[in-house]
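**Q** Before I ask anything, here is the structure I am working with.
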Amino acid sequence: MTAITPPFIDELRSRLGDRNVLDAEEELIVYECDGYVVEKKSPDVVVFPTSATQVQQIVRLCVEHQIPFVPRGAGTSLAGGTLPMGGGVMICLTRMKQIVEINLRDRYAVVEPGLVNVHLTRQLQASGFHYAPDPSSQGACTIGGNVATNSGGPHTLKYGVTVNHVLGVEYVSPSGDLMQLGGPHAGGPGCDLTGLFVGNEGTFGIVTKVWVRLTRDPVAYRTLLGIFETVQQATEAISGIIGAGIIPAALEMMDQGIVGALEEAFHFGFPLDAGAVLLIEVDGLEVAVDQEAAHIVEICEQHGAREVRKANSDTERALLWKCRKQAFGAIGRLAPSYCTQDGVVPRTQLPQILEFIEATSQKYGLRIVNVFHAGDGNIHPILLFDERDSQQVRNVVAAGEEILSKCLELGGSVTGEHGIGVEKINFMCPPDDPTESSPVGSTQRYLFTRTDINVMDDIRRVFNPRGLCSPHKLLPTAGGCGMEHIERTGKRAAT
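In case it helps, our numbering puts the sequence shown at residues 746 to 1240.
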């Protein structure tokens, strides 16, 4: 890989125009991190293409000069997925934000990657259809970024994650070719390469267009708020609901810390002394949702719910969901910085992982609050700290890794929807040298074997043979498991 030179930047300007190229230090610092603020690395230049053709031009120029490049959407990644670890060119897709087509008859839409998720939702209002994936960052995240990380969201429990709603993608390959996988009609012959592409975290190429499935709106909703004295009671109610054969559209839990921040922000009337609240929604036919909602109320009361409130209007329902979707914004009232973890455990293990999170909070002297997709065991402990304090940063890294290692011990995973990025590479497989110390000591666990990683690396090389597209992401590298070693000394550094 070679360094970026002034002639290279001049060539970018000649192809994209001055307003679409940033290279001043004070401008680049804006792009030094995404939602994972623990690690920072500025790109050498940021470019803003407005078409697939321009993306091709950028990639071909990078390939010609052997310069690494990384795609970025809104920068809401919470695992360092858009961090330019190899420096080089950051290709920011936020100006490619058009809704190209909405076809209600065949139930699909075609959008550009920079389209903010909620903008498609708003465009579809009153049409009788919606785009089901609704990450908590829905008001900011882009559909291209959702494709990269296979994002989930509150309604994942019933409707599935992004891959279940992507029919096809158009993308620029790491060699600069414009390619298409899938299209407006699902179920074509051959291997499901669209499914393989979704979740590649920007290492297979740069998305320029997405065909998404549209889902018919439910006839009716019932939205409930269960208020519990303890987290234990709330998690037992979660297991009771699923055990009863009810699959809610959403089943979200917020602990006392989150409830306090939300109440201060929105004044909804949450009880500040509650240990936890559950936001529960069922949808479907009118007669069915009434029966399911009544059964859920019974189950919550059986498990010690102090109260179960019902949203009696669309306005009340919208306010409840506003509180849930803006929970992360409300965290800014609690600390200067925060790190949101993303692990998964079996639902029956939720009490154990939450107990471990509390113990970890005490061990490292960090406040940790919790808001998560309880229905599918996807936890999001939020570690509060001040990034200006280097010891707090080290504690956050260590605490987060212990929590994720515990998720693996309990039979889960280190990611449900945020991806691996640069944050979780060390969990992917054991190091080459078995004597090499692990970042969290002898309790370190791994998701995959070396054989698994080698197969994944072979697949990635098919798409990205030169390794210029999003280097140092997703898969461990030599010494750890692949091409280059990521050393761990409180913070990661590619060597």
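The beta-carbon is built from N, C-alpha and C at its ideal position, and this holds for glycine as well. Values in this document were obtained by computation on a predicted structure and should not be read as measured data.
Would you call the region 849-868 in contact with the region 885-899, where contact means no fewer than 3 C-beta pairs closer than 8 angstroms?
**A** Touching, yes.
**Q** Could you give the distance in angstroms between the alpha-carbon of Glu974 and the alpha-carbon of Gly1014?
**A** Here residue 974 is taken as the residue at index 229 of the sequence shown, counted from 1. Here residue 1014 is taken as the residue at index 269 of the sequence shown, counted from 1. Near 16 angstroms, if we compare the C-alpha coordinates of Gly1014 and Glu974.
**Q** Which residue marks the beginning of the beta strand (DSSP E) containing Val1200, and which one marks its end?
**A** Residue numbering aside, residue 1200 sits at position 455 when the sequence shown is read from its first letter. First-last for Val1200: 1195-1208, but that is the alpha helix (DSSP H), not the beta strand (DSSP E).
**Q** Quick check on the burial criterion: 16 or more other C-beta atoms within 10 angstroms. Buried or exposed for Cys936?
**A** Position 191 of the sequence shown holds residue 936. Exposed: under 16 other Cβ atoms inside 10 Å.
**Q** If you scan the region 761-832 from start to end, which runs of the alpha helix (DSSP H) of 4 or more residues do you find wholly inside it?
**A** List check, alpha helix (DSSP H) in window: 770-773, 797-810.
**Q** Confirm, please, whether the CB-CB distance from Pro813 to Gly826 is below 8 angstroms.
**A** Along the sequence shown, one-based indexing puts residue 826 at 81. Along the sequence shown, one-based indexing puts residue 813 at 68. No. Outside cutoff.
**Q** Measuring CA to CA, which of Ile972, Ser920, Ser787, Glu1168 is closest to Gln1001?
**A** Start at 1 with the first residue of the sequence shown, and residue 1001 comes out as number 256. When each option's Cα is compared against that of Gln1001, the closest is Ile972.
**Q** Whole angstroms is fine: what's the gap from Gly890's alpha carbon to Glu770's?
**A** Residue mapping note: residue 890 aligns to position 145 of the sequence shown, counting from 1. Residue mapping note: residue 770 aligns to position 25 of the sequence shown, counting from 1. The alpha-carbon atoms of Gly890 and Glu770 are separated by roughly 25 angstroms.
**Q** Would you report the Cα separation of Ile1127 and Gly1005, rounded to the nearest angstrom?
**A** As a working note, residue 1127 is residue 382 in the sequence shown. As a working note, residue 1005 is residue 260 in the sequence shown. In a straight line, the C-alpha of Ile1127 is about 14 angstroms away from that of Gly1005.
**Q** Let me check understanding here. Comparing Cα to Cα, which of Glu1026, His1040, Val1042, Ala1050 lies closest to Arg1069?
**A** Here residue 1069 is taken as the residue at index 324 of the sequence shown, counted from 1. Checked all of Glu1026, His1040, Val1042, Ala1050; the closest Cα to Arg1069 is Glu1026.
**Q** To test your reading of the DSSP string, which unbroken beta strand (DSSP E) runs of 3 or more residues are found completely within the region 1022-1093?
**A** Entirely contained in the region 1022-1093, the beta strand (DSSP E) runs reaching 3 residues are, in chain order, 1050-1055, 1082-1085.
**Q** Going by DSSP, what residues sit across from Lys954 in a beta bridge?
**A** The residue given as residue 954 occupies position 209 in the sequence shown. In the DSSP output, where bridge partners are listed per residue, Lys954 has Glu915.
**Q** Taking buried to mean at least 16 other C-beta atoms within 10 Å of its own C-beta, is Lys1108 buried or exposed?
**A** Locating residue 1108 in the sequence shown gives position 363, counting from the first residue. That one is exposed.
**Q** Going by alpha carbons, who is nearest to Glu1132 out of Val783, Ile749, Gly762?
**A** By 1-based counting over the sequence shown, the position of residue 1132 is 387. When each option's Cα is compared against that of Glu1132, the closest is Val783.
**Q** Taking contact to mean at least 3 C-beta pairs separated by less than 8 angstroms, is the region 943-950 in contact with the region 985-994?
**A** No, they do not touch.
**Q** Assign Gly831 to buried or exposed, taking buried as 16 or more other Cβ atoms, counted over all protein chains shown, within 10 Å of its Cβ.
**A** Taking the sequence shown and counting its residues from 1, one reaches residue 831 at position 86. By the 10 Å Cβ count, Gly831 comes out buried.
**Q** Any chance the region 1017-1025 sits against the region 1141-1148, with 3 or more Cβ pairs inside 8 angstroms?
**A** No, they do not touch.
**Q** Have a look at Ser1017 and Phe1101 and give me their C-alpha separation to the nearest angstrom.
**A** On the sequence shown, residue 1017 is found 272 positions in, with the first residue counted as 1. On the sequence shown, residue 1101 is found 356 positions in, with the first residue counted as 1. Ser is not the amino acid found at residue 1017; the sequence shown has Leu there. In a straight line, the C-alpha of Leu1017 is about 23 angstroms away from that of Phe1101.
**Q** Which of the three DSSP states, helix, strand or coil, is assigned to Ala885?
**A** Against the sequence shown, residue 885 aligns to sequence position 140. If DSSP states are grouped into helix, strand and coil, Ala885 belongs with coil.
**Q** Residues bridged to Asp1000 by DSSP?
**A** What you label residue 1000 is simply residue 255 of the sequence shown in a count that begins at 1. The partner list for Asp1000 (beta bridge, DSSP) reads Ala1021.
**Q** Report the residue ranges of all beta strand (DSSP E) runs contained in full by the region 919-953; include only those spanning at least 3 residues, in chain order.
**A** Here the runs fully enclosed are 923-927.
**Q** Is Lys1108 close to chain C? Criterion is C-beta to C-beta, closer than 8 angstroms.
**A** The structure shown has no chain C; it contains just one protein chain.
**Q** Is the beta carbon of Gly1029 closer than 8 angstroms to that of Ala1104?
**A** In the sequence shown, residue 1104 corresponds to position 359, counting from 1. In the sequence shown, residue 1029 corresponds to position 284, counting from 1. For Ala1104 and Gly1029, no; Cβs fall outside 8 angstroms.
**Q** Kindly give me the distance between the Cβ atoms of Asn945 and Ala893, rounded to whole angstroms, as I take these residues to be in contact under 8 angstroms.
**A** As a first step, residue 945 must be located in the sequence shown, where it is residue number 200. As a first step, residue 893 must be located in the sequence shown, where it is residue number 148. With 8 angstroms as the limit, Asn945 and Ala893 qualify as a contact, their Cβ atoms being about 7 angstroms apart.
**Q** Give the C-beta separation of Val957 and Val856 to the nearest angstrom, bearing in mind that I take them to be a contact with Cβ-Cβ under 8 angstroms.
**A** Locating residue 957 in the sequence shown gives position 212, counting from the first residue. Locating residue 856 in the sequence shown gives position 111, counting from the first residue. With 8 angstroms as the limit, Val957 and Val856 qualify as a contact, their Cβ atoms being about 7 angstroms apart.
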